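In my numbering, the protein residues as written are 1 to 268. Ideal Cβ placement from N, Cα and C applies to all residues, glycine included. In this text the structure is predicted, and so the values were computed from the model without any measurement.
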């Protein structure tokens, strides 16, 4: 796999389809999907189109699972269980931020085969930063090898998550920020901006690349419900990202109780 060629394609898609539309969206360029806060823009669609065409050509025989394609046809997800390599795309992560003029958005690409993420890319178009990892090859930003943020004192840990955290967890670690962009949350873990990140809803285009990159940087992660390793499928088991196993085992029980109650509540 030519990692640099993939990076070039991602950058070109962002420069062609995303950046020209930032701060220049028209009303007709923005539409809602499942609910009023779930947006899709011409930038999402254009970026996914370019990535799909270029990455498919780069790796003949590969398949594509893109966020917007799945929204149109859920059957696309079945490609993840086929034998062929699959490009998993979030063509514009943080679309809500993008529509509001916030710089917190990115592009996520993963190459998945056999239920494992083989390579991952996180790209910050405005910051012109791309972080890359191949399975077993470390995590890199250009020629710089990255390491997961080191473990400070517990009360000094920087935490990123969604708006809902159990009170015990907040008491243990303090306040948390919510960037509303998985790409930037994963970047934070390997660019010394956060030590702990918590996710609830797991969609493969949001997480496949970032989990691999974090692991290749030396970080530890696991599903909150069950404690198993992340797999690139749709799930609501939650995900806890930490700098080391000790921190994961300290924090996971607080989250597991809360997640289990939440899932049982939905089932009831």
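Select from the options the residue whose C-alpha is nearest the C-alpha of residue i.
{"i": "residue 161", "options": "149, 141, 188, 147", "result": "188"}
{"i": "residue 156", "options": "146, 68, 192", "result": "192"}
{"i": "residue 115", "options": "185, 80, 53", "result": "80"}
{"i": "residue 104", "options": "183, 33, 60", "result": "183"}
{"i": "residue 185", "options": "173, 149, 26", "result": "149"}
{"i": "residue 26", "options": "13, 101, 90, 141", "result": "101"}
{"i": "residue 96", "options": "31, 260, 130", "result": "31"}
{"i": "residue 17", "options": "138, 91, 195", "result": "91"}
{"i": "residue 98", "options": "56, 82, 39", "result": "39"}
{"i": "residue 9", "options": "87, 199, 235", "result": "87"}
{"i": "residue 205", "options": "11, 230, 129", "result": "230"}
{"i": "residue 178", "options": "94, 49, 82", "result": "94"}
{"i": "residue 42", "options": "195, 135, 28", "result": "28"}
{"i": "residue 141", "options": "190, 218, 131", "result": "131"}
{"i": "residue 342", "options": "257, 107, 33", "result": "No information on residue 342 is available, as it lies outside the stretch 1 to 268 that the chain covers here."}
{"i": "residue 196", "options": "228, 233, 153", "result": "153"}
Just checking: is the beta-carbon of residue i within a distance shorter than 8 Å of some beta-carbon in chain B?
{"i": "residue 259", "result": "In the displayed structure, chain B is absent; only one protein chain is listed."}
With DSSP as the reference, label residue i as helix, strand or coil.
{"i": "residue 6", "result": "helix"}
{"i": "residue 150", "result": "coil"}
{"i": "residue 177", "result": "strand"}
{"i": "residue 242", "result": "strand"}
{"i": "residue 113", "result": "strand"}
{"i": "residue 100", "result": "coil"}
{"i": "residue 252", "result": "helix"}
{"i": "residue 83", "result": "coil"}
{"i": "residue 22", "result": "coil"}
{"i": "residue 59", "result": "coil"}
{"i": "residue 280", "result": "Outside the modelled stretch of the chain, which goes from 1 to 268, sits residue 280, for which no answer is possible."}
{"i": "residue 46", "result": "helix"}
{"i": "residue 172", "result": "helix"}
{"i": "residue 51", "result": "helix"}
Sorted by chain position, which residues of the same chain lie with C-beta nearer than 6 Å to residue i's C-beta, five sequence neighbours on each side aside?
{"i": "residue 76", "result": "65, 69, 70"}
{"i": "residue 61", "result": "84"}
{"i": "residue 19", "result": "125"}
{"i": "residue 120", "result": "110, 133, 209, 212, 213"}
{"i": "residue 47", "result": "13, 17, 18, 91, 92"}
{"i": "residue 23", "result": "101"}
{"i": "residue 268", "result": "Unreliable positioning characterises residue 268 in this predicted model, as indicated by a pLDDT of 41, which lies under 50. The coordinate reading is nonetheless provided below. Taken in chain order, the list of residues that qualify is empty."}
{"i": "residue 259", "result": "224, 225, 238"}
Could you pull the DSSP bridge partners for residue i from this structure?
{"i": "residue 247", "result": "In the DSSP output, where bridge partners are listed per residue, residue 247 has none listed."}
{"i": "residue 31", "result": "40"}
{"i": "residue 108", "result": "90, 122"}
{"i": "residue 66", "result": "89"}
{"i": "residue 134", "result": "119"}
{"i": "residue 140", "result": "132, 145"}
{"i": "residue 76", "result": "Answer by DSSP bridge pairing: none, since residue 76 is not bridged."}
{"i": "residue 159", "result": "196"}
Report all residues from its chain with a CB closer than 8 Å to the CB of residue i; omit the five preceding and five following residues, and keep chain order.
{"i": "residue 226", "result": "237"}
{"i": "residue 2", "result": "58"}
Once the 5 residues before and after residue i are set aside, which same chain residues still bring their CB inside 7 Å of it?
{"i": "residue 5", "result": "58"}
{"i": "residue 272", "result": "Any question about residue 272 goes unanswered here, given that the chain covers just 1 to 268."}
{"i": "residue 235", "result": "202"}
{"i": "residue 240", "result": "198, 221, 222, 224, 248, 251, 252, 255"}
{"i": "residue 147", "result": "217, 218"}
{"i": "residue 54", "result": "9"}
{"i": "residue 82", "result": "63"}
Closer than 7 Å: is that where the CB of residue i sits relative to any heavy atom of the ligand PLP?
{"i": "residue 169", "result": "Although the ligand PLP was asked about, the structure shown includes no ligands whatsoever."}
Exercise. Tell me the start and end of each unbroken beta strand (DSSP E) in the stretch 196 to 240 that is at least 3 residues and wholly inside, in chain order.
Key: You should have 196 to 199, 220 to 223.
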